[in-house]
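For the sequence shown, the positions run 161 to 367 when the working numbering is used.
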Amino acid sequence: MKAIVLLFLFSFSFHSAQQKVTLKDGDLIFQDMDCGPLCDAIEAVTEGYKGNDFSHMGMVYHRNDTIFIIEAAGSAVRLTTLEKFSKNTKKPMLVGRLKKQYKKLIQPAIAFSLKQLGVAYDDEYVYDNGSYYCSELIYDAFKAANNNKPFFQLFPMTYKQPGTNEFFPAWVEYYKSINKTIPEGQPGCNPGGISTSDKIDIVGSIE
């Protein structure tokens, strides 16, 4: 069932146990998505804001009377209603907001992201290969908005179980299924890492 979300002045207030949040364009929503072993593996290798686990993220975008999330998910970069996006998890989602001095980057970042609609999802999780996974889209959007200078950070990606030299079985099986080599050590980003960036403030949560 489709639901139409009525907005007043292009904002919508959510209530949570933590704090009331008025979603704004450019807000980043961090999600502990329920997708099984692969999500668990993503969350295990990077600790998010205050120890929270995140395996997915997207960016808020208001269009007419609806709140959308710009996300790289499924088969391509897409616009998803907030209601549908929220169904990925039963846990509260944290909301990150760019600090005041960076607000000028929001509209260019949104414009960049909208131009990527339909670009294929990055099943390999390899940076800069012509497709996008969720945090890679956000990374490139704000890089483009920042005169093509990195805004968030890239780190060597790992697919190994913490404290061991063994790959998560879920990743071994996954990369075998797509006939690709695990890109261990290649630069990349993930939702947990971006949630701890000093460029944003976590302003609350929504459910």
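Using N, Cα and C, we set each Cβ at its ideal position, and we do this for glycine too.
So, phenylalanine 214 versus serine 355, is the Cβ gap smaller than 9 Å? Translated into positions along the sequence shown, residue 214 becomes position 54. Translated into positions along the sequence shown, residue 355 becomes position 195. A contact, by the Cβ cut-off of 9 Å.
So what's proline 351 in DSSP terms, helix, strand or just coil? Here residue 351 corresponds to residue number 191 of the sequence shown, with the count starting at 1. Secondary structure at proline 351: helix, using DSSP grouped into helix, strand and coil.
Quick check on DSSP: helix, strand or coil for glycine 211? Taking the first residue of the sequence shown as position 1, residue 211 is located at position 51. Look at glycine 211 here: in three-state DSSP terms it is helix.
Roughly how many whole angstroms lie between the Cα atoms of alanine 271 and asparagine 339? As a working mapping, residue 271 is identified with position 111 in the sequence shown. As a working mapping, residue 339 is identified with position 179 in the sequence shown. In this model, alanine 271 and asparagine 339 are separated by some 34 Å (Cα to Cα).
If distances are taken between C-alpha atoms only, which option among Asp194, Met219, Tyr292 and Val363 comes closest to alanine 236? Along the sequence shown, one-based indexing puts residue 236 at 76. Measuring C-alpha to C-alpha distances from alanine 236 to each of Asp194, Met219, Tyr292 and Val363 identifies Tyr292 as the nearest.
Near proline 347, what residues of its chain come up, given a Cβ to Cβ distance below 6 Å and the 5 sequence neighbours on each side ignored? Residue 347 sits at position 187 when you count from the first residue of the sequence shown. Taken in chain order, the residues that qualify are Tyr287 and Leu314.
How would you write the range of the beta strand (DSSP E) that alanine 233 sits in, first residue to last? As a first step, residue 233 must be located in the sequence shown, where it is residue number 73. Note, alanine 233: beta strand (DSSP E), 226 to 233.
Taking all protein chains shown into account, decide if glutamine 191 is buried (16 or more other Cβ within 10 angstroms of its Cβ) or exposed. On the sequence shown, position 31 is the one that residue 191 refers to. Buried.
Count the other CB atoms, across all protein chains shown, that sit within 10 Å of the CB of glycine 278; report buried if there are 16 or more and exposed otherwise. To locate residue 278, count along the sequence shown from 1; it is residue 118. Flag for glycine 278 reads exposed.
Label proline 351 either buried or exposed according to how many other C-beta atoms from any shown protein chain fall within 10 Å of its C-beta, with 16 as the threshold for buried. Here the question's residue 351 lines up with position 191 in the sequence shown. A residue is called buried once 16 or more other Cβ atoms fall within 10 Å of its Cβ, and proline 351 is buried on that count.
Leucine 183 - DSSP class collapsed to helix/strand/coil: For this step, residue 183 is matched to residue 23 along the sequence shown. Of the three classes helix, strand and coil, the one that applies to leucine 183 here is coil, per DSSP.
With proline 343 and tyrosine 285 assumed to form a contact (beta carbons below 8 Å), what rounded beta-carbon distance in angstroms separates them? As a first step, residue 343 is located in the sequence shown; it is residue number 183 there, counting from the start. As a first step, residue 285 is located in the sequence shown; it is residue number 125 there, counting from the start. Their Cβ separation, rounded to whole angstroms, is 7 Å, which keeps proline 343 and tyrosine 285 in contact under 8 Å.
Does the segment 189 to 205 come into contact with the segment 262 to 276, if we say contact requires no fewer than three beta-carbon pairs (one atom in each stretch) closer than 8 Å? No contact exists between the segment 189 to 205 and the segment 262 to 276.
Name the one or two DSSP bridge partners that serine 365 has. Translated into the one-based positions of the sequence shown, residue 365 becomes position 205. Serine 365 pairs with Leu254.
On a Cα-Cα basis, can you pick out the residue from Ile360, Glu367 and Ser365 that is closest to lysine 263? On the sequence shown, residue 263 is found 103 positions in, with the first residue counted as 1. For the residues Ile360, Glu367 and Ser365, the minimum Cα distance to lysine 263 belongs to Ile360.
Is the beta carbon of threonine 226 within less than 8 Å of some heavy atom of the ligand MG? For the ligand MG, the structure offers nothing, since it holds no ligand at all.
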